[in-house]
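Note that the protein sequences, when read in sequence, are chains D and H. Each number in my numbering comes from the position in the first sequence (counting from 1) with 17 added on. Each number in my numbering comes from the position in the second sequence (counting from 1) with 316 added on. Reviewing the structure listed below.
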Amino acid sequence: MTSKIVQWLKPFTSLKLTIFCLACAMVLVFLGTIDQVNIGVYEAENRYFKSFFLFFTLPRTEIRIPWFPGGYIVGSLLLVNLVAAHVARFRWSWKKIGIVLLHSGLILLLVGQLFADIFVDLESQVRLDQGETKNYSESFYFDELAVIDTSATDSDEVISIPGSRLAKGSKIELPLGGLRMVINDYYPNCVLISPSQLPQPDYPHLPIGPMAVAVQLEKTYKQNERNLPAAEFSIFEKDQLIGTWRLAAGFPRPISFQVGGKTYEAVLRPKRFYKPFAIKLVQFRHDRYAGTDIAKNFSSRIRLLDPSMHEDRESLIFMNNPLRYRGFTFYQAGFDNNDQTTVLQVAQNPSWLVPYISCALIVAGMLVQFGMHLVSFVKRRVIA
Amino acid sequence: MKRFVPWILGAVLIFWAVSRMLPPKDAPGLDVNGFARLPVLVGGRVMPMDTLARLALAEMNHHGSYITAGKMAEQPTRGFLDIVMMPEHSDTAKLFEVSNQEILDLFGSQDAKGQFVSYSFNDLKPYFQEIEKQASLAGQTDPETRNPFQRGILKLRDSLRLYLQLKNTLQAEDSPDFGKEIEAFQMVIKPGMQAVRDRDAGKPFDNENFERIVLFTQRYQNLSQAKYAFAIPNPLSPEENDGWQHVSQALLGAIRHGEISFPVLAYGRMISAYRSGDIVGFNDAVREYNDYLSKTIPKKLDRPKIEFLFSHAQPFLQAMTLYVIALVFALFSWLLWPRTLGKTAIVLIVGAFIIHTVGLVVRMYLQGRPPVTNLYSSAIFVGWAAVMLCILLERFYRNGIGSVCGAVIGFVTLLIAHNLQLDGDTLEMLRAVLDTNGWLATHVVGEALGYSAMFLAGLIGIIYILRGLFTTSFDEGTSKSLGRMMYGVVCFATLCSLVATILGGIWADQSWGRFWGWDPKENGALLIVLWNAIILHARWGGYARERETALMTVFGNVVTSLSWFGVNMLGVGLHSYGFMDQAFGPLLAFIASQFAIIGLGCVPLKYWRGIKTRGRVSEPKIPVLT
Chain D
18 MTSKIVQWLK PFTSLKLTIF CLACAMVLVF LGTIDQVNIG VYEAENRYFK
68 SFFLFFTLPR TEIRIPWFPG GYIVGSLLLV NLVAAHVARF RWSWKKIGIV
118 LLHSGLILLL VGQLFADIFV DLESQVRLDQ GETKNYSESF YFDELAVIDT
168 SATDSDEVIS IPGSRLAKGS KIELPLGGLR MVINDYYPNC VLISPSQLPQ
218 PDYPHLPIGP MAVAVQLEKT YKQNERNLPA AEFSIFEKDQ LIGTWRLAAG
268 FPRPISFQVG GKTYEAVLRP KRFYKPFAIK LVQFRHDRYA GTDIAKNFSS
318 RIRLLDPSMH EDRESLIFMN NPLRYRGFTF YQAGFDNNDQ TTVLQVAQNP
368 SWLVPYISCA LIVAGMLVQF GMHLVSFVKR RVIA
Chain H
317 MKRFVPWILG AVLIFWAVSR MLPPKDAPGL DVNGFARLPV LVGGRVMPMD
367 TLARLALAEM NHHGSYITAG KMAEQPTRGF LDIVMMPEHS DTAKLFEVSN
417 QEILDLFGSQ DAKGQFVSYS FNDLKPYFQE IEKQASLAGQ TDPETRNPFQ
467 RGILKLRDSL RLYLQLKNTL QAEDSPDFGK EIEAFQMVIK PGMQAVRDRD
517 AGKPFDNENF ERIVLFTQRY QNLSQAKYAF AIPNPLSPEE NDGWQHVSQA
567 LLGAIRHGEI SFPVLAYGRM ISAYRSGDIV GFNDAVREYN DYLSKTIPKK
617 LDRPKIEFLF SHAQPFLQAM TLYVIALVFA LFSWLLWPRT LGKTAIVLIV
667 GAFIIHTVGL VVRMYLQGRP PVTNLYSSAI FVGWAAVMLC ILLERFYRNG
717 IGSVCGAVIG FVTLLIAHNL QLDGDTLEML RAVLDTNGWL ATHVVGEALG
767 YSAMFLAGLI GIIYILRGLF TTSFDEGTSK SLGRMMYGVV CFATLCSLVA
817 TILGGIWADQ SWGRFWGWDP KENGALLIVL WNAIILHARW GGYARERETA
867 LMTVFGNVVT SLSWFGVNML GVGLHSYGFM DQAFGPLLAF IASQFAIIGL
917 GCVPLKYWRG IKTRGRVSEP KIPVLT
């Protein structure tokens, strides 16, 4: 039985496969790093590392040809190779303990990262002004069209339509008493200008307010720059048109309409992630080195409010000292608005402890392995 | 007798190097050194005037010196005194250097042809408007996409601005005698303030005094726009850097206190004496100010004083010289008198290493930080660690390879550091995210150790290829020991890089909330780890024997140089604290040279001279790991 498994595993155990995977990984990492100049870290991460294949789009067509394995394939293959090699060749011996420790650490690291990739929420930010309280964070990359039923007095019902669903001509059924939304036009990125700034009056644009029109822009991939979408949509009840509105993310004032005695609001805004607790900014500090603008330290004193867990306490977040709470990590990412606003990055990573454990295993393994080499080397030298 | 030759030769050369590091003698005449040691707050740290002078002049021209009448001042501070005290002299000194032909065209100069053309402040005066206009246009483009003209014009504008700020650091540049001016100001403060209070209370007031105090206030408010270097210490905070003031701030503060503080008066006296050629008066003022400082802020004086000696001694330059001499000895030892010359080389390398170490430790003391905080210090440290590994290798193998490697890496890394030094203050304060000595000492130092070992392994690989291909001294023992050395060093590099990379991940998890973010510098470190893993597995699998290992370690040089410098040139990511673009050409040249060596190494073994002379073609087999 065991030998059968070994036989079956054989092709996956070869050291050649290990080297091939490592070499592929190097190519991926190299390309994925260089391309960050053009498409930014986030997009490069998705195209090279969190993907099954790298694609090459044939010029002037939509045909995408896979030409290189992506991060998921290389990573999984390496994982299979590692596990297979150890199952097939495993024979207990003290001499091998370093190698075994090291590789089990690597396996844990790979599995942990894969798990994190699948289950981890997207990174988001909380921007808080002095004294402000929020129970949600906002995505840096994605937007949503939120339709909010404000008729209840104590809570709102929010229907969120992710930006990826917003395309010209798409029809979306809203779970709000048979309402249907039709997207008439959608700009993934736009700039708001005054109507008089249009090159000519019939230049394609969406009028957003009396003073502003949205003009489509190329999508940006630059670091610290985000895309500001704009959309024109109509709401239908059954087949009857309720109205047509235009919204832009750079102009997050909601529009409102009434259907069947209920008041609804709609707004295009950065995608929100609601948390089961709230955070209030008590004080933000930004210290600089004397006589310069070089930041010495930033810190946010925040108040954590979580009635369900009976938590109401203050905490200090500063560089290299995040707040970890209920699976979320809040860390000091930046500031704005003349030091009046703090920007906290929020990450959710249930497997954050895994790298620590695998590190310990890898380091221990390497020390044992190379330490044995060194001892025998020095011994031989001394004898010689 | 012959036994002592290396020791004597080495001792003489090391003694010569050390003698060049002795503190400067206080020559009779103007006490330039006394002034050079005075503390000043620039960029958030207290440095001696000497360092400010060096940094400022390095910003203006590539040799970092003060030139009048075609002659360089022997000490930066000597010329700096003109700038801060007698600017009408320095305005005619050829301080500003331009090499870009398109910028020279703006000034109507045609005689350049790729040479540096030096201008004085007065030479450039007619073009100020044009320079400002071009610089503000250039400033609107992204730093990564600027062309040489745009970079050059911005640099010129910045040096001119810096020069203007320096002229107004200790005085108002248009003051005929600043010492007298502030004495006059002192006389006006009390009656002037009385007039102001009377006027505010609606009482009759002395109009003359009122106008005087208003005039002075406006004058010093204007002066405060030039603040860059803060020369007036804060006696109330003898340990922190808070509250240091620019002369103008101290003078405006005097209106409130009713009295001008001692440091301002002392600088005023120095300026008056300097301008009237009164050497004794100047020296007295410097001495009295020094006495005042050692009473009020004694703890802030040690570092500037040591930094002054350190800048003068230039330990890394002396170590670099010794490494070169050692390299010559070590290379010749492969041809003749192997024992004597080889031993001399080792003595020299150990001597250079000690000087290198002292320099490194003094820098750590001055900054109060672990050794690696920026690109400059990483070059110093990478070289130091590599030389230490080489000395250990030489201790075990005694075949001269360790000393050649040590001399080459010591020299090259210090040369790189020397060039990086021109970018600005190498002891700069750290940005908030780096401000954690624990992680700097582990993650950053570990990565730097990894770089050292990678370059060392690569260099041994190069020696393997070149000696095998071109020399007859490539016997089986040599090739075997080279192979073992490579393997050992690669193991060490793997250990350091992997551990440091993982520690970096943990640091990132603590400060940015994610273990791994595919940031360019992280990826650079990962590339090194992956490449080491490939080398080791290829060797364990028997796919790579000695020659293949040598080829792979040379490619390791490419990977390491990309990780060390290449990623900083991308200008993206969270780690690009040390952005630099001038090094792009040299980096490409280095990579090309490594590929050329790899190409050489791929020449079939039957053409290798070192192996032909051995009379056999096949390499010894390494047992295959099962």
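The beta carbon of each residue, even a glycine, is placed where N, CA and C say it ideally should be.
Name the chain D residues whose beta carbon is nearer than 7 Å to that of residue i?
i: residue 918(H); result: Result: empty, since nearest Cβ-Cβ is about 18 Å, beyond 7 Å.
i: residue 836(H); result: 50 and 53
Would you mind giving the Cβ-Cβ distance between residue i and residue j, rounded to the nearest angstrom? I have them listed as a contact below 8 Å.
i: residue 437(H); j: residue 479(H); result: 6 Å
i: residue 358(H); j: residue 346(H); result: The Cβ separation is near 23 Å, so there is no contact.
i: residue 498(H); j: residue 584(H); result: 5 Å
i: residue 142(D); j: residue 361(D); result: 7 Å
i: residue 668(H); j: residue 635(H); result: 4 Å
i: residue 337(D); j: residue 502(H); result: In fact, because the Cβ distance is near 49 Å, the residues do not count as touching under 8 Å.
Please list the partners that residue i has in chain H, where partner means a Cβ-to-Cβ separation under 8 Å.
i: residue 369(D); result: 825 and 831
i: residue 306(D); result: 359, 360, 361, 557 and 745
Mapping DSSP to helix, strand and coil, what is residue i?
i: residue 892(H); result: Summary for residue 892(H): the model assigns pLDDT 46, below 50, so the residue's position carries little reliability, and this model does not support an answer.
i: residue 225(D); result: coil
i: residue 98(D); result: helix
i: residue 936(H); result: Low confidence applies to residue 936(H): its pLDDT is 49, below 50, so where it sits in the model is not reliable, and the reading given next is rough at best. Residue 936(H): coil per DSSP, three-state reduction.
i: residue 203(D); result: strand
i: residue 457(H); result: coil
i: residue 630(H); result: coil
i: residue 544(H); result: coil
i: residue 758(H); result: helix
i: residue 516(H); result: helix
i: residue 462(H); result: coil
i: residue 378(H); result: coil
i: residue 147(D); result: coil
i: residue 744(H); result: coil
i: residue 294(D); result: strand
i: residue 362(D); result: strand
i: residue 284(D); result: strand
i: residue 198(D); result: strand
i: residue 941(H); result: With a pLDDT of 45 at residue 941(H), under the threshold of 50, the predicted position of this residue should be treated as unreliable, though the coordinate-derived value follows. Residue state, collapsed to three classes: coil.
i: residue 481(H); result: helix
i: residue 553(H); result: coil
Can the beta-carbon of residue i be found closer than 7 Å to that of residue j?
i: residue 200(D); j: residue 274(D); result: no
i: residue 815(H); j: residue 768(H); result: no
i: residue 620(H); j: residue 364(H); result: yes
i: residue 693(H); j: residue 366(H); result: no
i: residue 899(H); j: residue 881(H); result: yes
i: residue 324(D); j: residue 156(D); result: no
i: residue 376(D); j: residue 818(H); result: yes
i: residue 284(H); j: residue 401(H); result: Residue 284(H) is absent from the structure shown; chain H starts at 317 and stops at 942.
i: residue 410(H); j: residue 447(H); result: no
For residue i, return the contacting residues in chain H, with the cut-off set at a CB-CB distance below 7 Å.
i: residue 22(D); result: Going along chain H, no residue has its Cβ under 7 Å from residue 22(D), so there is no contact; the nearest lies around 19 Å.
i: residue 379(D); result: 814 and 818
i: residue 40(D); result: 850
Say the cut is 6 Å; is the CB of residue i nearer than that to a heavy atom of the ligand MN?
i: residue 923(H); result: With respect to the ligand MN, the structure offers nothing, as it holds no ligand at all.
Show which residues of chain H have a CB atom less than 9 Å away from the CB atom of residue i.
i: residue 34(D); result: In chain order: nothing, as chain H lies at least about 10 Å away.
Is there contact here, the region 329-342 of chain H with the region 144-158 of chain D, by at least three beta-carbon pairs under 8 Å?
no
Would the region 198-218 of chain D count as touching the region 168-188 of chain D if we require 3 or more Cβ pairs under 8 Å?
yes
Within 8 Å, do at least three Cβ pairs link the region 767-787 of chain H to the region 368-377 of chain D?
no
Report yes or no: do the region 721-736 of chain H and the region 696-711 of chain H share at least 3 C-beta pairs separated by less than 8 Å?
Taking a cut-off of 8 Å on C-beta distances, the region 721-736 of chain H touches the region 696-711 of chain H, as three or more cross pairs fall below it.
Measuring CB atoms only, is the region 297-306 of chain D touching the region 247-263 of chain D, in the sense that at least three cross pairs come out at less than 8 Å?
Below 8 Å, too few C-beta pairs join the region 297-306 of chain D and the region 247-263 of chain D to call them touching: fewer than three.
Is it true that the region 22-42 of chain D meets the region 91-98 of chain D, where meeting means three or more beta-carbon pairs spaced less than 8 Å apart?
yes
Inspect the CB distances between the region 756-775 of chain H and the region 867-875 of chain H and report whether three or more fall short of 8 Å.
Because the criterion of three Cβ pairs below 8 Å is met, the region 756-775 of chain H and the region 867-875 of chain H touch.
Can at least three beta-carbon pairs, one atom from the region 799-811 of chain H and one from the region 728-735 of chain H, be found at a separation below 8 Å?
no
Per the contact definition of three or more C-beta pairs closer than 8 Å, is the region 524-540 of chain H in contact with the region 552-564 of chain H?
yes
contact_flag[the region 48-61 of chain D, the region 834-848 of chain H] where n(CB pairs < 8 Å) is 3 or more
yes
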